[in-house]
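*Asks:* Sequence lines, in order, name chains A and B.
For what it's worth, UniProt numbering labels the leading residue of the first sequence as 1, then goes sequentially.
For what it's worth, UniProt numbering labels the leading residue of the second sequence as 1, then goes sequentially.
The structure that follows is given in the form of structure tokens.
There are 2 protein chains.
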Amino acid sequence: MRTRPLKVALLGCGVVGSEVARIMTTHADDLTARIGAPVELAGVAVRRPDRVREGIDPALITTDATALVKRGDIDVVVEVIGGIEPARSLITTAFEHGASVVSANKALLAQDGAALHAAAGEHGKDLYYEAAVAGAIPLIRPLRESLAGDKINRVMGIVNGTTNFILDKMDSTGAGYQEALDEATALGYAEADPTADVEGFDAAAKAAILAGIAFHTRVRLDDVYREGMTEVTAADFASAKEMGCTIKLLAICERAADGASVTARVHPAMIPLSHPLASVRGAYNAVFVESDAAGQLMFYGPGAGGAPTASAVLGDLVAVCRNRIGGATGPGESAYAALPVSPMGDVVTRYHISLDVADKPGVLAQVATVFAEHGVSIDTVRQQGKDGEASLVVVTHRASDAALTGTVEALRKLDTVRGVASIMRVEGE
Amino acid sequence: MRTRPLKVALLGCGVVGSEVARIMTTHADDLTARIGAPVELAGVAVRRPDRVREGIDPALITTDATALVKRGDIDVVVEVIGGIEPARSLITTAFEHGASVVSANKALLAQDGAALHAAAGEHGKDLYYEAAVAGAIPLIRPLRESLAGDKINRVMGIVNGTTNFILDKMDSTGAGYQEALDEATALGYAEADPTADVEGFDAAAKAAILAGIAFHTRVRLDDVYREGMTEVTAADFASAKEMGCTIKLLAICERAADGASVTARVHPAMIPLSHPLASVRGAYNAVFVESDAAGQLMFYGPGAGGAPTASAVLGDLVAVCRNRIGGATGPGESAYAALPVSPMGDVVTRYHISLDVADKPGVLAQVATVFAEHGVSIDTVRQQGKDGEASLVVVTHRASDAALTGTVEALRKLDTVRGVASIMRVEGE
Ligand SMILES: NC(=O)c1ccc[n+]([C@@H]2O[C@H](COP(=O)([O-])OP(=O)(O)OC[C@H]3O[C@@H](n4cnc5c(N)ncnc54)[C@H](OP(=O)(O)O)[C@@H]3O)[C@@H](O)[C@H]2O)c1
Ligand SMILES: NC(=O)c1ccc[n+]([C@@H]2O[C@H](COP(=O)([O-])OP(=O)(O)OC[C@H]3O[C@@H](n4cnc5c(N)ncnc54)[C@H](OP(=O)(O)O)[C@@H]3O)[C@@H](O)[C@H]2O)c1
């Protein structure tokens, strides 16, 4: 065993960083044995240097993150600051000064992954980021390495714990969105500004990362269709129940049936209660992967939290340290397939549509004609009268999103259609 | 990209091997892109050379596996023959002649893993075996790499598809063991001689491998307590249902509460219906992992079958090829913790015991006294009379297996206890 310790610069010491530091200290002997050399915390960059940070030598604390990554003796930079800048510049500077990087930064990876991978490659360094998607759940490594000999056709997952907590509450208690969000906030599952979670931005970043890895294709954040879950209602859950379904906010990355293109999207969807993702409770995450040879796999666990995320960061840290000792690097970006990313209109799935209609004869025929004209085939229709008004619930067969959008536009123009109460995709069948 | 192809020797071309060969051919371009060099099938060793093997150049077929691995130009040997010999000698010879090895052979790895790892290390070669445990499910790599910075406390899994299929049938149809086994055989889920599966030998081999990796400790096959599932009855399932449980054949690897020792065992057990493992249906496998930082993770998927197992083999093949090109090796055996493996008597869990007793006053008091004398604390007792006979169902609090065994021995000596109808461990609470 070599004895010169590997030096680690920790950028950020918040929810995740403080746990990384804690585990590096408490599990130091195990890490040494597993890596083959000791790892040493060489510096900790923060914004507020005067905060008390338990278990961390105050001499290590600095506000000058740039100077830390430029020191030249740093083996691995662990970036757990978050956001685009200064994280991006710090990572690039780290590569330039000889360090490898472990990051948990999904926003940055989704936006600038290609450039960061290129910088890592140019300097012969590693860029690992298991913690960026689904927290503690080993997912990047299984997709990138375990399934490297297989052909992945679909990755469908619950990758945001906040929204899963809210939807699970709505499902189990009949609560509305706002009430469930308030509870999530009170319990610390939602941030004061929950936009990134509930509008699907966080999940979209993860979808871009997952699609890129699964399909060996660059998928930019802009390529990901995104719809939040703020408009899901208690009535939608009631409709889902009638169909033997529940509602989840899903990140779905798919290869088209002809294999020639891919799509990535985030939106709420109904999934059958029998689907393994349906029983993912609370703030847990789970990702379902379908491939040619392996078939259906699922990975389940805590998608966030300081210690779980630190577990993923440390797994990467051990790998990167081993690579450095062995003089090797792990797998870099794999984008050779360079498949086109199709727009949402090309996505083919099923739909559950609730219409408020006039309660008079001939409405169903009119509505059915509109569906037929747009090539959207109807699976089931249920008509319910209520005080002169009626509702019509239509579940379609598989159709393209473009065809469905055209159908809905035309439906809105019908006199007899008072409103489109909800449109929900049906997945996982 | 280098252009000299990496040469692969395939040992065995049966259920798994034929799929490995097929995917190597159909996915050749993808494999080349992912590895960074083409991979070429250099030879295929079988027992019966004259069988028609679709898609395989007959010139590659040989019955002389030893000569194939001794050729000297082989980069990777894929061993999918199975069994101890000649697989063991072939793998050792492969290392001696400069090849790395990918194997799916759980029996061999469980029995001789340490020696094979030593041989690999001595020659600076890789030994990968993701397919040996839970087929397609990425498990070895996540445990060995993703969780390398964490402390795993328990690995509990359904790692045998045949027995899960049988138990699931018994649960859902009320069938007895023999009837469910017959169906599994008819459907090809059970082999003509199902002993290795139903007596838990297969699961025990996997438990030894998993415990070794999870605890960084050598765990021999003999260290694994093993109890098959042939004695599970429809009555046991009825009892389980009353407790809100089902019955699964579980492989359980645990770190003792004080962290100073580990245990590994395979036996049928009741688990609550709310536990994620309870809903693993049919021949699927799933493994639940508990660690200090990550918390609870689950990995789910097909545990066997030609294509799924080949997916795992090919993931390893890609990794080993990348390592060769990079002049590196992956993580070898990690047994530095060298924790003692405790006997079954030290395992602490809960128990469900059904007793046939005389239907007269004072029996319950007598029975309760025996439990108390052995330090086994009772959680609930249910008494049921039936025609002069009565049954007593006792569910205990956590107690050591040794204490429970002592209790049962003493109960058998009571005049009023006619028989011990069943003893079942209760896990996952
Ligand atoms: N929290 C989770 O559950 C979770 C899960 C998965 C991934 N992640 C990712 O992990 C990363 C970190 O998340 P977090 O929850 O740990 O964030 P956090 O609690 O807000 O911590 C951020 C840390 O970065 C420091 N920091 C901020 N700006 C800085 C600057 N300019 N220079 C130096 N240090 C600076 C902060 O310093 P002060 O301490 O002085 O404020 C703080 O220590 C993010 O990319 C996030 O997406 C988090
Ligand atoms: N099947 C699964 O679902 C599964 C799942 C996980 C792991 N595994 C493991 O994968 C390995 C292979 O399993 P399998 O189901 O593919 O077995 P299999 O169908 O019985 O195939 C065994 C192959 O090995 C060949 N062979 C046997 N003895 C040989 C010898 N002395 N020299 C050269 N070749 C020899 C056989 O040749 P012939 O073709 O001429 O008979 C056959 O091609 C085993 O270790 C098993 O535990 C299997």
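C-beta atoms are modelled at their ideal positions from N, C-alpha and C, and glycine is treated no differently.
Owing to the predicted nature of the structure, the values given are computational and were not obtained by experimental measurement.
#1: By the 8 Å beta-carbon criterion, what residues does the segment 140-157 of chain A contribute toward chain B?
#2: Taking the beta carbon of E79/B as the centre, do at least 16 other beta carbons fall within 10 Å, making it buried, or is it exposed?
#3: Taking all protein chains shown into account, decide if K360/B is buried (16 or more other Cβ within 10 angstroms of its Cβ) or exposed.
#4: Nearer than 7 Å: is that true of the beta carbon of P343/B relative to any heavy atom of ligand 2?
#5: Look at the alpha carbon of R382/B and the alpha carbon of A240/B, and state the distance between them as a whole number of angstroms.
#6: I'd like to know whether the C-beta of D30/A is nearer than 8 Å to at least one C-beta of chain B.
#7: Hey, does Y225/A have any beta-carbon neighbour from chain B nearer than 8 Å?
#8: Taking Cβ-Cβ distances below 8 Å as the criterion, which residues of the segment 324-353 of chain A are in contact with chain B?
#9: Output the residue ranges of the beta strand (DSSP E) runs that lie fully inside the segment 134-163 of chain A and measure 3 residues or longer, sorted by chain position.
#10: Per DSSP, what kind of secondary structure is H117/B in: helix, strand or coil?
#11: I'd like to know whether the C-beta of Y300/A is nearer than 8 Å to at least one C-beta of chain B.
#12: If the criterion is Cβ atoms closer than 8 Å, does the pair residue 432/A and G332/A meet it?
#13: Can you give me the Cβ contacts of A175/B inside the same chain, cut-off strictly under 8 Å, excluding the 5 residues immediately before and after it?
#14: Over the uninterrupted beta strand (DSSP E) stretch that includes C13/A, give me the two end residues.
#15: Among all the DSSP beta bridges, which residues are the ones paired with L249/B?
#16: So which residues on chain B does A307/A lean against when the C-beta distance must stay under 8 Å?
#17: So with CB distances below 8 Å, who are the chain A contacts of L273/B?
#18: For a minimum of 3 consecutive residues, which ranges assigned as the beta strand (DSSP E) are wholly contained in the segment 196-254 of chain B?
#19: Can you say whether V77/B is buried or exposed, counting buried as having 16 or more other CB atoms within 10 angstroms of its CB?
#20: Give the list of continuous alpha helix (DSSP H) stretches no shorter than 4 residues that lie fully inside the segment 39-108 of chain B.
#21: I want to know whether the segment 385-405 of chain B touches the segment 344-355 of chain B - three or more CB-CB distances under 8 Å.
#22: Using a Cβ-based criterion (distance less than 7 Å to any ligand heavy atom), does L11/B qualify as near ligand 2?
#23: Using three-state DSSP, classify T396/B as helix, strand or coil.
#24: The beta strand (DSSP E) with Y129/A in it runs from where to where?
#25: Could you name the residues of chain A that V318/B contacts, counting a contact when the two beta carbons are closer than 8 Å?
#26: How long is the line joining the alpha carbons of L198/B and R425/B, rounded to whole angstroms?
#27: Taking only beta-carbon positions, decide if I137/A is within less than 8 Å of chain B.
#28: Say the cut is 7 Å; is the CB of P138/B nearer than that to a heavy atom of ligand 2?
#29: Please state the DSSP three-state secondary structure of R281/B.
#30: For E130/A, return the contacting residues in chain B, with the cut-off set at a CB-CB distance below 8 Å.
#31: Could you check what DSSP says for T185/A in three-state terms: helix, strand or coil?
#32: Closer than 6 Å by C-beta to V395/A: which residues in its own chain qualify, once you throw out the five before and the five after it? Chain order, please.
#33: What I want to know is whether the C-beta of T309/A ends up closer than 7 Å to one or more non-hydrogen atoms of ligand 1.
#34: Considering only heavy atoms of ligand 2, does any lie closer than 7 Å to the CB of I23/B?
#35: Less than 8 Å separating the beta-carbons of L6/A and I35/A?
#36: Please tell me whether L314/A has its Cβ less than 8 Å away from any Cβ of chain B.
*Replies:* Straight from the coordinates:
#1: R141, P142, E145, S146, L147, A148, G149, D150 and K151
#2: buried
#3: exposed
#4: no
#5: 13 Å
#6: yes
#7: no
#8: G326, G327, A328, T329, P331, S334, Y336 and A337
#9: 152-158
#10: When secondary structure is reduced to three states using DSSP, H117/B falls in the helix class.
#11: yes
#12: Nothing can be reported for residue 432/A: it is not among the residues displayed for chain A, which extend from 1 to 429.
#13: Contacts found: K169, E183 and A234.
#14: Here C13/A belongs to no beta strand (DSSP E), and DSSP marks it neither H nor E.
#15: P268/B
#16: Listed along chain B are D292, A293, A294 and G295, each with a C-beta nearer than 8 Å to that of A307/A.
#17: What L273/B touches in chain A: nothing, since even the nearest Cβ is about 11 Å away.
#18: Counting whole runs of 3 or more residues, the segment 196-254 of chain B contains the beta strand (DSSP E) stretches 224-226.
#19: V77/B sits buried, since 16 or more C-beta atoms from the chains shown fall within 10 Å of its C-beta.
#20: The DSSP assignment places 65-69 and 87-96 as complete runs of the alpha helix (DSSP H) inside the segment 39-108 of chain B, in order along the chain (cut-off: 4 residues).
#21: yes
#22: yes
#23: strand
#24: No beta strand (DSSP E) contains Y129/A, which DSSP labels as neither H nor E.
#25: Those are E145, A148 and G149, listed as they occur along chain A.
#26: One detail in the question is off: residue 198/B reads as Val in this sequence, not Leu. In a straight line, the C-alpha of V198/B is about 17 Å away from that of R425/B.
#27: Closer than 8 Å: yes.
#28: no
#29: Coil, per DSSP.
#30: S146
#31: Look at T185/A here: in three-state DSSP terms it is helix.
#32: H352, D379 and T380
#33: yes
#34: no
#35: Contact check for L6/A against I35/A passes: the beta carbons are separated by less than 8 Å.
#36: It does: the Cβ of L314/A has a partner Cβ on chain B nearer than 8 Å.
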